[in-house]
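Numbered according to the numbering used here, the sequence shown terminates at residue 1512, and the numbering increases by one at each position without gaps. Below is one structure; the comments refer to it alone.
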Amino acid sequence: MNRSIISKSLLIALPMLALGACSSNSDVDAESAEKNATQAVEQVVDDVQTNTIEAIELTAEEQLAQLYTDAILKTTIHFEFDKSLIMPDYAVILDAHAKYLVNNTDKTITIEGHADELGTPEYNIALGERRALAVSTYLENMGVAASQITVVSYGEEKPVNLGHNEMARTENRRAELVY
């Protein structure tokens, strides 16, 4: 509501300033019109400053809920070159998915393991499977039933980035969580 009032005030004050400056016949009239318009704008700015809403501090529980809400939207876990070890950066994401699956036992998840283009196709299939199994094991350790989880490896067959440079390969070293 305050923004609406501010917007309306600015919509009135700014054109008045422009009209006042353009329609005056003398320098005295122009200065007077500009001064009046400047005062109107200053009044609107003062109103904005006095009517602002203070940000409310979130409690620790609310901050944790927000963290999990943001994390559940992320479905990609990246891995280092030739590794299947889950990096600590992805713990919050996996914790959020585990909590969701534990609370919704009727839901299932497929974990797709992927690798970059380096290595033989057979090796990359095995590496993708190790990555998917690492995520599966993490979720099971967090209380998710094994019957809710399916693991599949695509190796290098479904790259997210078709490039042939290090950045592309880094993006392709991943496990995808698919509901």
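Note that CB positions come from ideal geometry on N, CA and C, so glycine has one too. A quick note: this is a predicted structure, and the numbers were derived from the prediction, not measured.
Classification of residue i by the beta-carbon crowding that lies within 10 angstroms, buried from 16 upward
i, result
"Ala1508", "buried"
"Arg1464", "buried"
"Val1477", "buried"
"Leu1434", "buried"
"Ala1388", "exposed"
"Ala1467", "buried"
"Asn1498", "exposed"
"Leu1400", "exposed"
Integer Cβ distance of residue i from residue j, believed to fall under 8 Å
i, j, result
"Ala1448", "Met1475", "Not quite, the Cβ-Cβ distance comes to about 25 Å (not below 8 Å), so this is no contact."
"Ile1444", "Ile1482", "6 Å"
"Tyr1512", "Ile1442", "6 Å"
"Phe1412", "Arg1502", "Not a contact, Cβ separation roughly 11 Å."
Residue range of the alpha helix (DSSP H) that includes residue i
i, result
"Thr1503", "Glu1499 to Asn1505"
"Thr1470", "Pro1454 to Asn1474"
"Lys1416", "Run containing Lys1416: none; DSSP gives neither H nor E here."
"Ala1424", "Ala1424 to Asn1436"
"Asp1403", "Ala1393 to Ile1405"
Residue i versus residue j: straight-line alpha-carbon distance, rounded
i, j, result
"Asn1494", "Glu1450", "11 Å"
"Gly1461", "Gly1488", "5 Å"
"Leu1472", "Glu1390", "32 Å"
"Asn1437", "Leu1427", "15 Å"
"Lys1491", "Ala1424", "24 Å"
"Lys1407", "Gly1446", "16 Å"
"Ser1469", "Val1484", "7 Å"
"Pro1421", "Ala1398", "19 Å"
"Glu1394", "Asp1439", "26 Å"
"Pro1454", "Ser1480", "29 Å"
"Glu1504", "Ile1405", "19 Å"
"Met1500", "Lys1368", "57 Å"
"Gly1496", "Asp1403", "29 Å"
"Gly1452", "Leu1510", "24 Å"
"Thr1392", "Ile1410", "29 Å"
Bridge partners - residue i, DSSP secondary structure assignment
i, result
"Leu1510", "Ile1444"
"Val1485", "Glu1445"
First through last residue of the beta strand (DSSP E) which encompasses residue i
i, result
"Thr1514", "Look at the range of the chain in this structure, 1334 to 1512, and you will see that residue 1514 is not part of it."
Distance cut-off 6 Å: residue i Cβ against heavy atoms of the ligand SAM
i, result
"Phe1412", "Absent from the structure shown: the ligand SAM. Ligands present: none."
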